[in-house]
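Novice: Protein chains in written order, with this note's numbering: chain A, 15 to 300; chain B, 1065 to 1299.
All C-beta atoms, glycine included, are put in the ideal place defined by N, C-alpha and C.
Treat the numbers as computed from the prediction; the structure is a model and nothing was measured.
Just passing along the structure, written as structure tokens.
Below, the structure written as structure tokens:
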């Protein structure tokens, strides 16, 4: 039963990871830009939720839509003003741009919030539900539910709205999108905004589970990469599966071996997948 | 309706169009013929706003459109059935058609135009839930035409619509183009390597060679011209 509880906690954390990786996957799948500042944006989401908690006593769950909305606007503006000029540039140039952006973001957070860790103290932080002998931590349940709602909303947006379908069309055939008169630059802006909103929302939820400090950013960037490569780049279901797997692997290795060793097992999973199924678990062969 | 003057286009240092000047009147079918690499597709893409000309003017119903982005040009009523069809292979047939009507000028008519498209191409209606990439080449060409019509264009540019299709299907495509012009009053620009068939259908034609217009005239007259016959038809 203890093992099941550990797996359960891993799955719930994994749902938040999935929402984070979802953002990376959406941006890469449509714009073909690898967001090397993804973890930084995650930490910005965490700090934004922390600021809202500190100043307005807003629960991170309640802050999530607000953080997502603000980060959507910021992501949209960033893409339209800066990143869009690099869309047709060679990949090494894009890489330099995104790394530079990541450094600027981390340094800004250091200046504003300092290097120390911050957290939120919620009165339900140690509550849990018990169902048939299984223990569900309340914060983890809330965080996972928030992540699943966010992912479902985004999925519905891509499946059913005119703008969502137009974004899929850009990803499917960029030339075709121009032929029918889609405003590709604007749709790219919206896509980048949505990707950043996703990771920002994941950041607010993550604040329920861990303390925030600026240097977390690199870890989250790598984690997001592991997850999307595990699941299969550009596959929405892939980010979900990869997130859950990494969540469980971290929880189990943290319990059986040592919490500081948990990344080793995530990388181990990555190497296994690259050896045995390089297109990712749900990926299609190129 | 469409007046192009002194159009130069470059890809980096390579010049693709040299002072192209041509005119297309309302309800006309104009063929632009020429060999592979003559600049036909470059010309279409420049009109469509997908390439920026270095010099020259493009006027559509009196308005200067050279240099406008492609989505603005579609809004004015210039539609395109592109080379290689350029459908969305991983989206369903109906989603492909919906994408044709995202531009603002087409939104109000989208629902009724969808019914008209299905009436015109019953095969598309049968396959509306199927992924467009699984259609046959001929069906994909019909989808590309139907998707273009979803945008309520006044002028349609067809870029190599017969490429890679069986002769029977080619005849069908040319018949559709003829009807769009005769019955619906659409202005047609037809770019083709299939010189004989397109000049037969067209009111007028231009011959494009190495990025320059080298000949123009009535379709039938060009078809009878010895130079055209030798260079493009092989008799």
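What are the start and end residues of the beta strand (DSSP E) that includes residue 1124/B?
Specialist: Note, residue 1124/B: beta strand (DSSP E), 1119-1124.
Novice: What's the call for residue 1152/B, buried or exposed, on a 16-neighbour Cβ count within 10 Å?
Specialist: buried
Novice: Residue 1215/B versus chain A: which residues are under 7 Å apart at the beta carbon?
Specialist: 194 and 195
Novice: Report back the beta-carbon spacing between residue 216/A and residue 92/A to the nearest angstrom; my notes put them in contact at under 8 Å.
Specialist: Not a contact, Cβ separation roughly 18 Å.
Novice: Report all residues from its chain with a CB closer than 8 Å to the CB of residue 15/A; omit the five preceding and five following residues, and keep chain order.
Specialist: 147 and 148
Novice: Between the C-alpha atoms of residue 1087/B and residue 1224/B, what's the straight-line distance to the nearest angstrom?
Specialist: 20 Å
Novice: Could you check whether the segment 1076-1092 of chain B touches the segment 1268-1280 of chain B, counting it as contact only if at least three pairs of C-beta atoms, one from each stretch, sit closer than 8 Å?
Specialist: yes
Novice: Output, in chain order, the set of chain B residues within a Cβ distance shorter than 7 Å of residue 322/A.
Specialist: This structure does not reach residue 322/A, given that chain A is present from 15 up to 300, and the question cannot be answered.
Novice: Less than 8 Å between the C-beta atoms of residue 295/A and residue 257/A, yes or no?
Specialist: no
Novice: How would you call residue 105/A, buried or exposed, if buried means at least 16 neighbouring beta carbons within 10 angstroms?
Specialist: exposed
Novice: Using CA atoms only, rank isn't needed, just tell me which of 264/A, 288/A, 246/A and 200/A is closest to residue 87/A.
Specialist: Relative to the Cα of residue 87/A, the nearest Cα in the group 264/A, 288/A, 246/A and 200/A belongs to 200/A.
Novice: Please check if any C-beta of chain B sits within less than 8 Å of the C-beta of residue 276/A.
Specialist: no
Novice: Please list, in chain order, the chain A residues whose beta carbon lies closer than 7 Å to that of residue 1134/B.
Specialist: Within chain A, the residues placing a beta-carbon under 7 Å from that of residue 1134/B are 192 and 195, ordered along the chain.
Novice: Would you be able to state if there are at least three C-beta pairs under 8 Å between the segment 218-235 of chain A and the segment 56-68 of chain A?
Specialist: yes
Novice: Could you tell me the boundaries of the alpha helix (DSSP H) in which residue 1163/B lies?
Specialist: 1157-1164
Novice: Looking at C-alpha atoms only, which residue of 177/A, 151/A, 131/A and 263/A is the closest neighbour of residue 139/A?
Specialist: 151/A
Novice: If we define contact as Cβ-Cβ less than 8 Å, is residue 1157/B a contact residue for chain A?
Specialist: False, the Cβ-Cβ gap to chain A never drops below 8 Å.
Novice: Around the C-beta of residue 18/A, are 16 or more other C-beta atoms found within 10 angstroms, so that it is buried, or is it exposed?
Specialist: exposed
Novice: Specify the secondary structure class of residue 1008/B as computed by DSSP and reduced to three states.
Specialist: The structure shown does not extend to residue 1008/B, since chain B spans only 1065 to 1299, so no value can be given for it.
Novice: Using the C-alpha atoms, what's the distance from residue 137/A back to residue 145/A?
Specialist: Taking the straight line from one Cα to the other gives about 21 Å.
Novice: Could you give the residue range of the alpha helix (DSSP H) that holds residue 1211/B?
Specialist: 1201-1214
Novice: Excluding the 5 residues flanking residue 1210/B on each side, which residues of the same chain have their C-beta closer than 8 Å to its C-beta?
Specialist: 1161, 1164, 1181, 1184, 1185 and 1188
Novice: Is any beta-carbon of chain A found at less than 8 Å from that of residue 1167/B?
Specialist: By this cut-off, residue 1167/B is an interface position.
Novice: Short of 6 Å in beta carbon distance, which residues of its chain neighbour residue 1286/B, apart from the five on each side in sequence? Order them along the chain.
Specialist: 1263, 1269 and 1292
Novice: According to the neighbour-count rule (16 or more other Cβ atoms, all chains shown, within 10 Å of its Cβ), is residue 174/A buried or exposed?
Specialist: exposed
Novice: With H, G and I counted as helix, E and B as strand and the rest as coil, what does DSSP make of residue 1085/B?
Specialist: strand
Novice: Whose Cβ in chain A lies nearer than 8 Å to the Cβ of residue 1139/B?
Specialist: 195
Novice: Compare the C-alpha of residue 1167/B against each of 198/A, 25/A and 262/A and name the closest.
Specialist: 198/A
Novice: Kindly indicate which three-state DSSP category residue 29/A falls into: helix, strand or coil?
Specialist: In the structure shown, residue 29/A sits in a helix (DSSP, three-state: H, G or I).
Novice: Measuring CB to CB, does residue 1098/B end up less than 8 Å from residue 1271/B?
Specialist: yes
Novice: Is residue 1065/B near residue 1158/B, with beta carbons less than 8 Å apart?
Specialist: no
Novice: Run through DSSP, which three-state label would residue 1279/B get?
Specialist: strand
Novice: What residue does the beta strand (DSSP E) around residue 143/A start on, and which one ends it?
Specialist: 142-145
Novice: Expressed to the nearest angstrom, what Euclidean distance is found between the alpha-carbon atoms of residue 277/A and residue 190/A?
Specialist: 42 Å
Novice: Would residue 1269/B pass as an interface residue toward chain A - the criterion being a Cβ-Cβ separation below 8 Å?
Specialist: no
Novice: Does chain B have any CB closer than 8 Å to the CB of residue 182/A?
Specialist: yes
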